[in-house]
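Have a look at the structure below, then the notes.
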Amino acid sequence: MAGPAHPDAMAPSKPGKTRTAPPQMPASWWSHPRIRTYLAFDATGIVYLLLGLVALRVVWALGAGPEVWDATIASLSNPLYILFHVIGLVSVLFVGVRFFGFFPKAQPPRIGPAKPPPQPVILAGLYAAWLGVTLLFAAILGGWIF
Amino acid sequence: MKHFLLRIEPVIWLLFGQGLLIGTMLLTGWILVVGLAAPLGLVDAAALSFDRAHALASNIVGRLVLAALIVLPLWKGAHHMRHLSIDFRGADRDVVVAPVLYAVATIGSLLGILAVVRL
Amino acid sequence: MGEPTKTFVITRFDPDKDEVPKTQEYEIPVEADWKVLDAINFIKDEVDPSISHRWSCRMAVCGSCGMMVDGEPKLTCKTALSDYGDRVTVEPLANFPIVRDLVTELEGFMEKFQRVKPWVIRAKEDAGAADSKPPMNDKGTFVQSPAELAEFKQFSMCINCMLCYAACPVVANEAEFLGPAAIALGHRYNLDSRDQGQDERNEIFRDEGTVFSCSFANECSEVCPKNVDPAAAVNQAKFGAVIDWATSLVLPRASAGRRGEQGGK
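Protein chains in written order, with the numbering used here: chain E, 1 to 146; chain W, 1001 to 1119; chain S, 2001 to 2265.
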């Protein structure tokens, strides 16, 4: 076992007739590849929070005038920023693949009278939207269109 | 505090979900160009010049997209960090961790909205 | 000699004697077609009758023989021994208090189970006018089409083996969490065309032990021996609970005797 679970996990509101040993975490908790993937997925939260704050910094600079903007854009060439954005890209791709994979089955079979499309169609739509949004957004930001 | 966290859970979950969905879609292109291609010199410097960036960002669509780009990842991040804290035997400290994370996301969101409004 | 053997490392805990659980090893001859449960039954019958474990049907229907086999929750009657090495660790289900040896305390699960009101709830007669659900027919039953059945059938296949609770990282860390099987069962009734209890269950889903505690690790669905896919149910339940919450903001609940939703923040 990989150590104790929460001492009250699955405990009844009134104790039973005999004393019980405290609940344990599954032995596979840290070591299993699925669990590590899951923990990595939760850990991308740190990266997303930082990505949001960096986006805030950049947009804030755009409102602060040309000098601040140029300095901010120049600062993104710092190797640490590049490294952070490489980690960010890996995180975003990982989150997209895992979350979009789960997304179709989380759709209720019916919301009122409306039925969602079949799961493979939802999945294909998500990937198409992801690709489309990325290409469009990148093309606009990179000056290839507009 | 526990009761308050329960009350706001649906709102948090909606913002978190949109962070996963829209946040991921917007961040991919953003990171590719602003985070990587431009700093590595793969993009014409004029593309991210102040004048062009300001013109692109200051219309209504630009403002909305940038607001989403800032706000949604913050909530996805805060909520996932809360889950991560709970994964590491953190249920009992959650009454402190969750409000702090959501406070960061709230302040960041307000600043983000201010940032796009003042463009 | 020549007969294949395997060593079983089995958790032992006697509440009258042991401070904490310990392990005991048994080396026994095994047959090629054995399930893990066959080996434990062999040990109990032929080697050490003091071992306590639960089992009944031996055909993956009763849901009582769930144990941790090499650290993963398994229905031992459905788990081929040939998939494991020479040393097999068998422990009681993780995340449950241990009563004795391989037997866990189920009362906490039963309490969570009952909280989601796993039965068909019908509105009071006086509310019948606004009622869109089918009324009872003259045989005293409800008519349900195959399409309506198909909407929830998968979630009704749960055998309450509790493997999903042993696998869930949120159950392990957050004692209040309703957990996969209970939420899946509540959601199954929310999807049932005969049921009118969605408001009540969605309030329970947003209350203590909320469905939103689920972090979609998907472990419940990975270990489910009946392909119920509890993770799908729990996350559909989140959608349902959010939609119900949003509607309750716009259209305050008229039904008497229940507290109305006051809104979000």
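All C-beta atoms in this analysis are idealised placements derived from N, C-alpha and C, irrespective of residue type, glycine included.
message: Can you look up Thr2007 (chain S) in the DSSP assignment and give me helix, strand or coil?
response: Counted from its first residue, the third sequence places residue 2007 (chain S) at position 7. Correct three-state label for Thr2007 (chain S): strand.
query: Between the C-alpha atoms of Gln2024 (chain S) and Thr1024 (chain W), what's the straight-line distance to the nearest angstrom?
result: On the third sequence, position 24 is the one that residue 2024 (chain S) refers to. On the second sequence, position 24 is the one that residue 1024 (chain W) refers to. In a straight line, the C-alpha of Gln2024 (chain S) is about 50 Å away from that of Thr1024 (chain W).
- prompt: Between the segment 1079-1097 of chain W and the segment 1039-1046 of chain W, do at least 3 Cβ pairs fall closer than 8 Å?
  reply: no
message: When you measure from the CB of Gln2024 (chain S) to every non-hydrogen atom of the ligand ZN, does any distance come out below 7 Å?
response: In the structure on display, the ligand ZN does not appear, and there are no ligands present to speak of.
task: Rounded to whole angstroms, what's the CA-CA distance from Met1 (chain E) to Pro66 (chain E)? Just pull it up for me.
output: The sequence position of residue 1 (chain E) within the first sequence is 1, counting from 1. The sequence position of residue 66 (chain E) within the first sequence is 66, counting from 1. Confidence at Met1 (chain E) is low in this model, with a pLDDT of 48, below 50, so the placement of that residue is unreliable and no value is reported for it.
query: Does the beta carbon of Asn2173 (chain S) sit closer than 8 Å to a beta carbon anywhere in chain W?
result: Reading the third sequence from its first residue, position 173 is the one you call residue 2173 (chain S). Cβ-Cβ to chain W under 8 Å: yes for Asn2173 (chain S).
query: Within 10 angstroms of its Cβ, does Ala106 (chain E) collect 16 or more other Cβ (buried), or is it exposed?
result: Position 106 of the first sequence, counted from the start, is the residue given in the question as residue 106 (chain E). Buried, because 16 or more other Cβ atoms sit within 10 Å of the Cβ of Ala106 (chain E).
query: What did DSSP end up calling Leu2102 (chain S) once you bin it into helix, strand or coil?
result: Residue 2102 (chain S) sits at position 102 when you count from the first residue of the third sequence. In this structure, Leu2102 (chain S) counts as coil in the three-state DSSP scheme.
field: Supposed contact pair Gly143 (chain E) and Val1043 (chain W) - C-beta distance, whole angstroms, cut 8 Å
entry: Indexing the second sequence from 1 puts residue 1043 (chain W) at position 43. Indexing the first sequence from 1 puts residue 143 (chain E) at position 143. About 7 Å; that satisfies the 8 Å criterion.
- prompt: Could one say the Cβ of Thr1024 (chain W) lies closer than 8 Å to chain E's Cβ atoms, at least one of them?
  reply: Working through the second sequence from its first residue, we reach residue 1024 (chain W) at position 24. Output row for Thr1024 (chain W): interface = yes.
- prompt: For a contact meaning CB atoms closer than 7 Å, what does Ile1060 (chain W) contact in chain S?
  reply: Counted from its first residue, the second sequence places residue 1060 (chain W) at position 60. Neighbours of Ile1060 (chain W) on chain S: none; closest Cβ ~26 Å, over 7 Å.
field: Best match in W:Leu1119, W:Asp1087, W:Ala1046, W:Ala1103 for proximity to Ile140 (chain E) [C-alpha to C-alpha]
entry: Locating residue 140 (chain E) in the first sequence gives position 140, where the first residue counts as 1. Among W:Leu1119, W:Asp1087, W:Ala1046, W:Ala1103, the Cα nearest to that of Ile140 (chain E) belongs to W:Ala1046.
query: Hey, does Glu2208 (chain S) have any beta-carbon neighbour from chain E nearer than 8 Å?
result: By one-based count along the third sequence, residue 2208 (chain S) stands at place 208. By this cut-off, Glu2208 (chain S) is not an interface position.
task: Could you please tell me which residues of the segment 2217-2248 of chain S, in chain order, have their CB closer than 8 Å to any CB of chain W?
output: Lys2238, Ala2241, Val2242, Trp2245, Ala2246
- request: Excluding the 5 residues preceding and the 5 following Ala2237 (chain S) in the sequence, name in chain order all residues of the same chain whose CB lies nearer than 6 Å to its CB.
  value: Start at 1 with the first residue of the third sequence, and residue 2237 (chain S) comes out as number 237. Answer for Ala2237 (chain S): Ile2183, His2187, Phe2205, Val2211, listed in chain order.
message: Please return the same chain residues whose Cβ sits closer than 6 Å to the Cβ of Glu2091 (chain S), not counting the five positions on each side in sequence.
response: Here residue 2091 (chain S) refers to the residue found at position 91 when the third sequence is read from its first residue. Thr2011, Met2068.
task: Assess, as a yes-or-no matter, whether the segment 2161-2171 of chain S is touched by the segment 2216-2231 of chain S under the definition of 3 or more beta carbon pairs within less than 8 Å.
output: yes
query: Which residues of chain W have a Cβ atom closer than 7 Å to the Cβ of Pro66 (chain E), listed in chain order?
result: On the first sequence, residue 66 (chain E) is found 66 positions in, with the first residue counted as 1. Neighbours of Pro66 (chain E) on chain W, chain order: Phe1050.
- request: Measuring alpha carbon to alpha carbon, tell me which of S:Asn2041, S:Pro2049, S:Pro2252 ends up nearest Pro2029 (chain S).
  value: In the third sequence, residue 2029 (chain S) corresponds to position 29, counting from 1. Out of S:Asn2041, S:Pro2049, S:Pro2252, S:Asn2041 has the C-alpha closest to the C-alpha of Pro2029 (chain S).
message: Against chain W, does Trp130 (chain E) count as a neighbour if the rule is that its beta carbon must be under 8 Å from one of theirs?
response: In the first sequence, the residue the question calls residue 130 (chain E) occupies position 130. Yes - at least one Cβ of chain W is within 8 Å of the one on Trp130 (chain E).
field: Three-state secondary structure (DSSP) of Leu2075 (chain S)
entry: To locate residue 2075 (chain S), count along the third sequence from 1; it is residue 75. In the structure shown, Leu2075 (chain S) sits in a strand (DSSP, three-state: E or B).
- prompt: Smallest Cα separation from Gly2140 (chain S): which of S:Asn2190, S:Arg2194, S:Asp2101, S:Ala2246?
  reply: Reading the third sequence from its first residue, position 140 is the one you call residue 2140 (chain S). It is S:Arg2194.
message: Just to confirm the assignment: which complete alpha helix (DSSP H) runs, minimum length 4, are found wholly within the segment 56-143 of chain E?
response: 66-75, 79-102, 119-141
message: Output needed in chain order: residues of the segment 1026-1044 of chain W with a Cβ under 8 Å from some Cβ in chain E.
response: Leu1026, Leu1027, Thr1028, Gly1029, Trp1030, Ile1031, Leu1032, Val1033, Val1034, Gly1035, Leu1036, Ala1037, Ala1038, Pro1039, Leu1040, Val1043, Asp1044
message: So that I know if they touch, is there some Cβ in chain W lying closer than 8 Å to that of Thr134 (chain E)?
response: One-based indexing of the first sequence puts residue 134 (chain E) at position 134. For Thr134 (chain E), the answer is yes, since a Cβ of chain W falls inside 8 Å of its Cβ.
- request: Leaving aside the five residues before and after Leu62 (chain E) along the sequence, list all residues of the same chain whose C-beta is less than 6 Å from its C-beta, in chain order.
  value: Walking along the first sequence from the start, residue 62 (chain E) turns up at place 62. Result list for Leu62 (chain E): Trp69, in chain order.
field: Which residues DSSP lists as bridging Glu2203 (chain S), in chain order
entry: Translated into the one-based positions of the third sequence, residue 2203 (chain S) becomes position 203. According to DSSP, Glu2203 (chain S) bridges with nothing at all.
task: Check Ala1103 (chain W) in the structure and name its three-state DSSP category.
output: By one-based count along the second sequence, residue 1103 (chain W) stands at place 103. Helix.
- request: Could you confirm whether any beta carbon from chain S is found closer than 8 Å to the beta carbon of Arg1089 (chain W)?
  value: Locating residue 1089 (chain W) in the second sequence gives position 89, where the first residue counts as 1. Yes, its Cβ sits closer than 8 Å to a Cβ of chain S.
message: Taking CB distances under 8 Å as the criterion, tell me whether Gln2066 (chain S) reaches chain E.
response: In the third sequence, counting from the first residue as 1, residue 2066 (chain S) sits at position 66. The residue asked about is misnamed: residue 2066 (chain S) is Gly in this sequence, not Gln. Not one chain E Cβ lies under 8 Å of Gly2066 (chain S).
task: Give the secondary structure of Pro2180 (chain S) by DSSP, where H, G and I count as helix, E and B as strand, and everything else as coil.
output: The count along the third sequence starts at 1 and reaches residue 2180 (chain S) at position 180. If DSSP states are grouped into helix, strand and coil, Pro2180 (chain S) belongs with the helices.
- prompt: Which residues share a DSSP beta bridge with Thr2089 (chain S)?
  reply: Taking the first residue of the third sequence as position 1, residue 2089 (chain S) is located at position 89. Paired residues: S:Val2009.
- prompt: Should Ile35 (chain E) go down as buried or exposed, given a rule of 16 or more other Cβ atoms within 10 Å for buried?
  reply: Within the first sequence, residue 35 (chain E) is the residue found at index 35, counting from 1. Label assigned to Ile35 (chain E): buried.
message: Across the segment 1003-1014 of chain W and the segment 70-89 of chain E, are there enough close Cβ pairs to call them in contact, namely three or more that are closer than 8 Å?
response: no
- request: Just the C-alpha distance for Phe1016 (chain W) and Ser2213 (chain S), rounded to the nearest angstrom, thanks.
  value: On the second sequence, position 16 is the one that residue 1016 (chain W) refers to. On the third sequence, position 213 is the one that residue 2213 (chain S) refers to. Distance between the alpha carbons of Phe1016 (chain W) and Ser2213 (chain S): 13 Å.
- prompt: Name the residues in the segment 43-76 of chain E whose C-beta lies less than 7 Å from a C-beta of chain W; which are they?
  reply: Ala43, Thr44, Gly45, Ile46, Tyr48, Leu49, Leu51, Gly52, Leu53, Ala55, Leu56, Val58, Val59, Trp60, Leu62, Gly63, Pro66, Trp69, Asp70, Ile73, Leu76
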